[in-house]
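Q: In UniProt numbering, the protein residues as written are 1 to 630.
Ideal Cβ placement from N, Cα and C applies to all residues, glycine included.
Encoded structure:
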């Protein structure tokens, strides 16, 4: 394995000599954070997994690239979990992979995992979140509905049969079917091909609606494709249905360990009935540990029962399902299927939540509200609501870091500090600025700021300061020989509130043979684009310098990721028109960003509709709960 100083990818799994970007392989415990350590371990495990999935057995063609990237993305969590079992990697996969890709796969402009490719740009576009994160998530689903023992047997037989050869997904289906039938975990009348083709040959995923009768003992379960916004003018006439492994438990049973399906819902069924459920004063929760690639919503009574349980004793519900409940509720409300009154009531229990995983799910979803409100009159009310949620967490974890804390406790502290500082909480800002100025007074002392606090402290102090603070960070960047430290500094320098500094920073990044490595130019762009002050500047830079950006940053997913980042807050008709004009003007040179631009246009249209349908509702909800800034 070798670390290369200027390398566009995180890692490349060449058989016998794996290449890495320096920040993806090198870790210095005195300088690098807990998240740096986990990232290095995940990328190591990912690239090592490719020695089997990709090198030993190779896809016949690029349409099956998910057999490489999906498996490597799945196995990276297994590898790290084996080395660090206290890090709770299985549940981190829920918030990092599953919830992330749900947001992309809920767009009409998503695509199937297995997709036709015929040009170099289409090949590069295939290396996206659908191949990596959805691929990993449906593999995780198979691992649970077949059981780990049977799944491992089928995978081993598949690898042995096709070693030093090429395969297609149907080959994998055959060996998993044989193992499932032999072990009696897959009904003889079913095949993995029949089940999994519904997950790989069509895009999207379902939402299950569970409606219990008056007594609660019988439930009607329906499936339909989940879309963040349904387009009434859509020309897509495909009948989206899936084979769904259904798992559930109840307040009476509280079995959150059995992830083997209780019942299958076939792709021929839009609705099924489940009997022998408990009475209507007892909750049921579907999709145990969120091992299935689908969302779930319930009738109002069951939602109320779940919320009450979270308030009374949230620990009776598995941590992954607590994250699921938060993520499902807020996204299903975003899609207009559930009221925001119900969805936001789920958050009311967070004051009693001590685990990082549900907090990660909550803040990932609340960030959408924050993005939509950023330039709206109601932002002050939302900001105070968010602070009231997060300041108690900040107080409980404390500003001072403790590197001896459990791994996810360190993650939770970083989450609390990042959010409260960004929301303007004075104690967080004052502590950050004081530490940064101590460092400025003694720049050779690397112990002043704990590795876990650096990203928050650097960003906050640079945002609060001016040219002096920025130039100090720049000089530290130029003199540092620690890859992870350089990454933190690059991100932080994008936090400045001075437009001219941000413009100069973009110019530094996109000067050929300039002071910033080509591999890091997109990081600079994203840091500026994620800054409320810098977003429009970054968008103008992209529109005016697209060919230069493509020359310096045009590798695999990079251009598409940059389009996603700069447009994620767009929510006005004017911004949608700007995206459409950008697409028209660059129709011949969008390259690997073609699909990302289409998705940005759809996402902006969705955001416009969301503002029209939900902004006033949430402002009123905030006012009703004491958060009125008028």
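Would you tell me roughly how many angstroms separate the C-alpha atoms of residue 246 and residue 579, rounded to the nearest one?
A: Working through the chain shown from its first residue, we reach residue 246 at position 246. Working through the chain shown from its first residue, we reach residue 579 at position 579. Those two C-alpha atoms are separated by around 40 Å.
Q: Under 8 Å: do the region 262 to 270 and the region 232 to 248 share three or more Cβ pairs, one atom per stretch?
A: yes
Q: Just reading off the alpha helix (DSSP H) that residue 456 is part of, what are its end residues?
A: Counting from 1 along the chain shown, the entry for residue 456 is found at position 456. Element bounds for residue 456: 454 to 464.
Q: In terms of alpha-carbon separation, which member of 417, 435, 438, 436 lies closest to residue 428?
A: For the purposes of this step, residue 428 is identified with residue 428 of the chain shown, where counting begins at 1. If we check each option's Cα against that of residue 428, 417 comes out closest.
Q: Helix or strand or just coil, what does DSSP make of residue 541?
A: Within the chain shown, the letter at position 541 stands for residue 541. The answer is helix: DSSP assigns residue 541 an H, G or I state.
Q: Examine the Cβ distances between the region 51 to 64 and the region 89 to 107 and report whether three or more of them are shorter than 8 Å.
A: Too few Cβ pairs lie closer than 8 Å, so no.
Q: Could you name each continuous beta strand (DSSP E) segment of 3 residues or more that falls completely within the region 430 to 516, going from the start of the chain to the end?
A: Taken in chain order, the region 430 to 516 contains no complete beta strand (DSSP E) segment of 3 residues or longer.
Q: Assuming residue 617 and residue 340 form a contact by the criterion Cβ under 8 Å, report the distance between their Cβ atoms to the nearest whole angstrom.
A: Residue 617 sits at position 617 when you count from the first residue of the chain shown. Residue 340 sits at position 340 when you count from the first residue of the chain shown. Confirmed, about 6 Å.
Q: Count the CB pairs spanning the region 304 to 322 and the region 340 to 357 that are closer than 8 Å, and state whether there are at least three.
A: yes
Q: Could you check which residue in 493, 133, 447, 298 has the C-alpha nearest to that of residue 467?
A: Against the chain shown, residue 467 aligns to sequence position 467. Measuring from the Cα of residue 467, the nearest candidate turns out to be 493.
Q: Could you tell me which whole alpha helix (DSSP H) segments of length 4 or greater appear in the region 50 to 96?
A: Within the region 50 to 96, the complete alpha helix (DSSP H) runs of at least 4 residues are 66 to 83, 89 to 93.
Q: Whole angstroms is fine: what's the gap from residue 4's alpha carbon to residue 16's?
A: For the purposes of this step, residue 4 is taken as the residue at position 4 of the chain shown. For the purposes of this step, residue 16 is taken as the residue at position 16 of the chain shown. Approximately 16 Å, taken between the alpha carbons.
Q: How long is the line joining the alpha carbons of residue 253 and residue 72, rounded to whole angstroms?
A: On the chain shown, residue 253 is found 253 positions in, with the first residue counted as 1. On the chain shown, residue 72 is found 72 positions in, with the first residue counted as 1. Each residue's alpha carbon lies about 35 Å from the other.
Q: Apply the 10 Å Cβ neighbour rule to residue 2 and answer buried if 16 or more other Cβ atoms are within range, or exposed otherwise.
A: Translated into positions along the chain shown, residue 2 becomes position 2. Residue 2 comes out exposed.
Q: Take residue 215 as the anchor and find which of 275, 163, 534, 266 has the nearest alpha-carbon.
A: Here residue 215 refers to the residue found at position 215 when the chain shown is read from its first residue. Answer by Cα proximity: 275.
Q: Are residue 195 and residue 210 close, meaning C-beta to C-beta below 8 Å?
A: Here the question's residue 195 lines up with position 195 in the chain shown. Here the question's residue 210 lines up with position 210 in the chain shown. No; because the gap between Cβ atoms is not below 8 Å, this pair is not in contact.
Q: Can you tell me whether residue 134 is buried or exposed, with buried defined as 16 or more other CB within 10 angstroms of its CB?
A: Working through the chain shown from its first residue, we reach residue 134 at position 134. That one is buried.
Q: Quick one: measure Cβ to Cβ for residue 298 and residue 205, integer angstroms, because I've assumed they're closer than 8 Å.
A: Here residue 298 refers to the residue found at position 298 of the chain shown. Here residue 205 refers to the residue found at position 205 of the chain shown. Between residue 205 and residue 298 the Cβ distance is about 18 Å, and since that is not below 8 Å, they are no contact.
Q: Grab the span of the alpha helix (DSSP H) containing residue 346 for me, first residue to last.
A: Working through the chain shown from its first residue, we reach residue 346 at position 346. 340 to 346 is the extent of the alpha helix (DSSP H) around residue 346.
Q: Report buried or exposed for residue 113, applying the criterion of at least 16 other Cβ atoms within 10 angstroms of its Cβ.
A: Within the chain shown, numbered from 1, the residue matching residue 113 stands at position 113. Per the 10 Å Cβ criterion, buried.
Q: What do you get for residue 47, buried or exposed, if any count of 16 or more other CB atoms within 10 angstroms of its CB means buried?
A: Locating residue 47 in the chain shown gives position 47, where the first residue counts as 1. Buried, since its Cβ has 16 or more Cβ neighbours within 10 Å.
Q: Are the Cβ atoms of residue 387 and residue 363 separated by less than 8 Å?
A: As a first step, residue 387 must be located in the chain shown, where it is residue number 387. As a first step, residue 363 must be located in the chain shown, where it is residue number 363. Result no, Cβ atoms of residue 387 and residue 363 do not sit closer than 8 Å.
Q: Using the beta-carbon count (16 or more within 10 Å), is residue 308 buried or exposed?
A: On the chain shown, residue 308 is found 308 positions in, with the first residue counted as 1. With a threshold of 16 other beta carbon atoms within 10 Å, residue 308 falls short and is exposed.
Q: At the level of alpha carbons, what is the spacing between residue 449 and residue 495?
A: Working through the chain shown from its first residue, we reach residue 449 at position 449. Working through the chain shown from its first residue, we reach residue 495 at position 495. Each residue's alpha carbon lies about 18 Å from the other.
Q: Does the contact criterion of 3 or more C-beta pairs under 8 Å hold for the region 542 to 554 versus the region 505 to 523?
A: Result yes; three or more Cβ-Cβ pairs closer than 8 Å.
Q: Quick check on the DSSP output: the alpha helix (DSSP H) that includes residue 656 runs from which residue to which?
A: Summary: the structure shown does not reach residue 656, with the chain confined to residues 1 through 630, and so no result is reported for it.
Q: Considering only DSSP beta bridges, list what residue 19 is partnered with.
A: On the chain shown, position 19 is the one that residue 19 refers to. Answer is 2, 12, bridged to residue 19.
Q: Taking residue 217 as the reference, which of 83, 279, 284, 67 has the closest Cα?
A: As a working mapping, residue 217 is identified with position 217 in the chain shown. Cα-wise, what sits closest to residue 217 is 279.
Q: For residue 116, which beta-bridge partners are listed by DSSP?
A: As a working mapping, residue 116 is identified with position 116 in the chain shown. Paired residue(s): none; residue 116 is not in a bridge.
Q: Among all the DSSP beta bridges, which residues are the ones paired with residue 223?
A: Taking the chain shown and counting its residues from 1, the one referred to as residue 223 is at position 223. According to DSSP, residue 223 bridges with 208.
Q: Per DSSP, what kind of secondary structure is residue 248 in: helix, strand or coil?
A: If you number the chain shown from 1, residue 248 lands on position 248. In the structure shown, residue 248 sits in a strand (DSSP, three-state: E or B).
Q: If you draw a straight line from the C-alpha of residue 526 to the C-alpha of residue 563, how long is it?
A: Here residue 526 is taken as the residue at index 526 of the chain shown, counted from 1. Here residue 563 is taken as the residue at index 563 of the chain shown, counted from 1. So the alpha carbons of these two residues sit roughly 9 Å apart.
Q: Quick one: residues in its chain with C-beta nearer than 6 Å to the C-beta of residue 535, no 5 flanking neighbours on either side, listed in chain order?
A: For this step, residue 535 is matched to residue 535 along the chain shown. When the five nearest sequence neighbours on each side are left out, the beta carbons in the same chain lying within less than 6 Å of the beta carbon of residue 535 are those of 529, in order along the chain.
Q: What first and last residue would you give for the beta strand (DSSP E) that runs through residue 295?
A: On the chain shown, residue 295 is found 295 positions in, with the first residue counted as 1. Taken as a continuous stretch (DSSP letters only), the beta strand (DSSP E) holding residue 295 covers 295 to 298.
Q: Once DSSP output is grouped into helix, strand and coil, what is the label at residue 381?
A: In the chain shown, residue 381 corresponds to position 381, counting from 1. Here residue 381 sits in helix by DSSP.
Q: For residue 167, which residues does DSSP report across the bridge?
A: By 1-based counting over the chain shown, the position of residue 167 is 167. BP columns for residue 167 point to 59.
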